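Asks:
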Amino acid sequence: MLNDIKNFLLYLKEQKKVSHNTELSYERDLRYFTAYLNQEGIMEWRKVTATAVQSYMIFLEKEGKSAATISRMFAALRAFFYYALCEHIVEEDPTRLIHHPKVEKKQTEIMTEEEIERLLRQPSKRTPKELRDRAILQLLYATDLKVTEIISLKISDLNMTFHYITSRQRKRSIPFDLGVKEALNCYLIEARPQLVKEEGEPYLFLSCLGKPMSRQGVWKLLKAYAREAGISKEITSRTLRYSFEASLNAAN
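Going by my numbering, the first residue of the sequence shown is number 646, and it counts up by one from there.
#1: Hey, I819 and L790: beta-carbon distance below 8 Å or not?
#2: How many whole angstroms separate the CB atoms of R815 and E708, which I take to be in contact at a CB cut-off of 8 Å?
#3: Using 8 Å for Cβ pairs, my map puts T793 next to R860. What's the rounded Cβ distance?
#4: Is the stretch 870-878 touching the stretch 761-769 in the sense that three or more CB pairs, one from each, lie closer than 8 Å?
#5: Using a Cβ distance threshold of 8 Å, determine whether the stretch 773-788 contacts the stretch 828-839, with at least three qualifying pairs required.
#6: Short of 7 Å in beta carbon distance, which residues of its chain neighbour K658, apart from the five on each side in sequence? Order them along the chain.
#7: A828 and Q783 look like a contact to me (Cβ under 8 Å); what is the Cβ gap, rounded to whole Å?
#8: Please return the same chain residues whose Cβ sits closer than 7 Å to the Cβ of T694, not counting the five positions on each side in sequence.
#9: Measure the alpha-carbon distance for R779 versus A729 and round it to whole angstroms.
#10: Give the C-beta separation of I800 and L785 to the nearest angstrom, bearing in mind that I take them to be a contact with Cβ-Cβ under 8 Å.
#11: Is T811 helix, strand or coil when you go by DSSP?
#12: Cα-Cα, which of C853, L647, A720 is closest to M688?
#13: Would you mind reading off the limits of the alpha helix (DSSP H) that contains P838?
#14: Using CA atoms only, rank isn't needed, just tell me which of V663, R676, N666 is closest to K651.
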């Protein structure tokens, strides 16, 4: 299934000339869908039915994803299955008779792309603390993980080979892109060994004292980097998630 996604992404890049952001958006959404299918015991595209897609939409709602996110993820499925039908990967398009999810209006203030770039660039030094902070900011921005989930992550929750994190709270696998992988790799190799105080420490993100990060610690670093970036908006993890959704929707 992943090979078909890779071929689809190549088709988008070479034939449709989509932007890099759009390509990353489709890859992330299709990996998420594939992870869901595999956990439901569906290992072939031909076995994906309209009922399975509808169940996935309901699953996304229960996960708390916004209507805008569900709409974007559904658009990715529709584009992929149109391609799969043309390439004879499937015999029927399971998204054909499913109504497009309605997009709700969001009141949460979002950041511009330029503000996002400035924020993500702030941890620019290769100190253990800034490499850690860079990985945290990337996760907050590019995944649906909340602060409480991020500080609860353990080393064993990471799968760097297949680019996903196992969320213990949601009991689901959450894929991440190459930008997150690169930030995590730098943190794991260059920073975390210097932060660890006790052998066998299981938690992923550690404070300068070698203790697991706290919610307050993450909020402080988030606000500090926002100030350094000259951003006057109130920045929260929700702001970052909504900003990511908005950038992907704009790219699509």
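Don't be surprised by glycine CBs; every beta carbon is placed ideally from N, CA and C.
Only a predicted model underlies this, so the values are computations on that prediction, with no experimental measurement involved.
Replies: In this structure, then:
#1: Locating residue 819 in the sequence shown gives position 174, where the first residue counts as 1. Locating residue 790 in the sequence shown gives position 145, where the first residue counts as 1. Their beta carbons are under 8 Å apart, which means I819 touches L790 by this criterion.
#2: For the purposes of this step, residue 815 is identified with residue 170 of the sequence shown, where counting begins at 1. For the purposes of this step, residue 708 is identified with residue 63 of the sequence shown, where counting begins at 1. At roughly 7 Å, the Cβ-Cβ gap stays under 8 Å, so R815 and E708 are in contact.
#3: Here residue 793 refers to the residue found at position 148 of the sequence shown. Here residue 860 refers to the residue found at position 215 of the sequence shown. T793 to R860, Cβ: 7 Å. Contact.
#4: When Cβ pairs closer than 8 Å are counted between the two stretches, the stretch 761-769 is seen to touch the stretch 870-878, the count reaching three or more.
#5: Between the stretch 773-788 and the stretch 828-839, the count of C-beta pairs closer than 8 Å reaches three or more; the two stretches touch.
#6: For the purposes of this step, residue 658 is taken as the residue at position 13 of the sequence shown. The residues are E668.
#7: Residue numbering aside, residue 828 sits at position 183 when the sequence shown is read from its first letter. Residue numbering aside, residue 783 sits at position 138 when the sequence shown is read from its first letter. 4 Å between Cβ atoms; contact.
#8: Stepping through the sequence shown from its first residue, residue 694 is reached at position 49. Hits under 7 Å: P739.
#9: Taking the first residue of the sequence shown as position 1, residue 779 is located at position 134. Taking the first residue of the sequence shown as position 1, residue 729 is located at position 84. Whole-angstrom Cα-Cα distance: 37 Å.
#10: Translated into positions along the sequence shown, residue 800 becomes position 155. Translated into positions along the sequence shown, residue 785 becomes position 140. In this structure I800 is not in contact with L785, their Cβ atoms being roughly 19 Å apart against a cut-off of 8 Å.
#11: For the purposes of this step, residue 811 is identified with residue 166 of the sequence shown, where counting begins at 1. Looking at T811 - three-state DSSP - the assignment turns out to be strand.
#12: Residue mapping note: residue 688 aligns to position 43 of the sequence shown, counting from 1. Selected option, being the one with the closest Cα: L647.
#13: One-based indexing of the sequence shown puts residue 838 at position 193. It spans 837-840 - the alpha helix (DSSP H) in which P838 sits, taken as one unbroken run.
#14: The sequence position of residue 651 within the sequence shown is 6, counting from 1. Of the candidates V663, R676, N666, the one whose C-alpha sits nearest the C-alpha of K651 is R676.
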